[in-house]
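K.L.:
Residue numbers (my numbering): 458 to 546. C-beta: ideal position from N, C-alpha, C; glycine also. This is the structure I want to talk about, given as structure tokens.
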Amino acid sequence: EVYKPTPAVSTNLLLSGLWFYGYNELATMTLKKTGAVTQSVANTAKRVIVIVGVAIVLGESLDPIKLLGCGIGIGGVFLYSIIDQLLAK
458 EVYKPTPAVS TNLLLSGLWF YGYNELATMT LKKTGAVTQS VANTAKRVIV IVGVAIVLGE
518 SLDPIKLLGC GIGIGGVFLY SIIDQLLAK
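Structure follows, in structure tokens:
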């Protein structure tokens, strides 16, 4: 046998899969009740919240260069997600 998972790995794998399934179901329901642009804005806001939250939990400083990098990355993701709506107008 190449790899024999421990019970903790099996449990984490199962719970991760269930969590991801729930996340996708919620995203699909949200998309049906709102528009694609609203979903894109909410997804971008989620990224900001996650970055700031992780920085707080891990005690990381958010230096200006880190904030600039986050802003460029998040801005790029946001523009990529709404470019079709912008060009359609």
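Taking a contact to mean a Cβ-Cβ separation below 8 Å, would you say residue 500 touches residue 467 in this structure?
P.N.:
For the purposes of this step, residue 500 is taken as residue 43 along the sequence shown, with counting starting at 1. For the purposes of this step, residue 467 is taken as residue 10 along the sequence shown, with counting starting at 1. Cβ atoms of residue 500 and residue 467: not closer than 8 Å.
K.L.:
How big is the Cα-Cα spacing for residue 496 and residue 458?
P.N.:
Counting from one through the sequence shown, the residue named residue 496 turns up at place 39. Counting from one through the sequence shown, the residue named residue 458 turns up at place 1. Approximately 44 Å, taken between the alpha carbons.
K.L.:
Pull up the distance between the alpha-carbon of residue 532 and that of residue 541, whole angstroms please.
P.N.:
Within the sequence shown, the letter at position 75 stands for residue 532. Within the sequence shown, the letter at position 84 stands for residue 541. Going by the C-alpha atoms only, they are around 15 Å apart.
K.L.:
Taking DSSP as the reference, what is the three-state secondary structure of residue 526?
P.N.:
Residue mapping note: residue 526 aligns to position 69 of the sequence shown, counting from 1. If DSSP states are grouped into helix, strand and coil, residue 526 belongs with the helices.
K.L.:
Looking at the secondary structure, which residues open and close the alpha helix (DSSP H) in which residue 480 lies?
P.N.:
Start at 1 with the first residue of the sequence shown, and residue 480 comes out as number 23. Element bounds for residue 480: 464–490.
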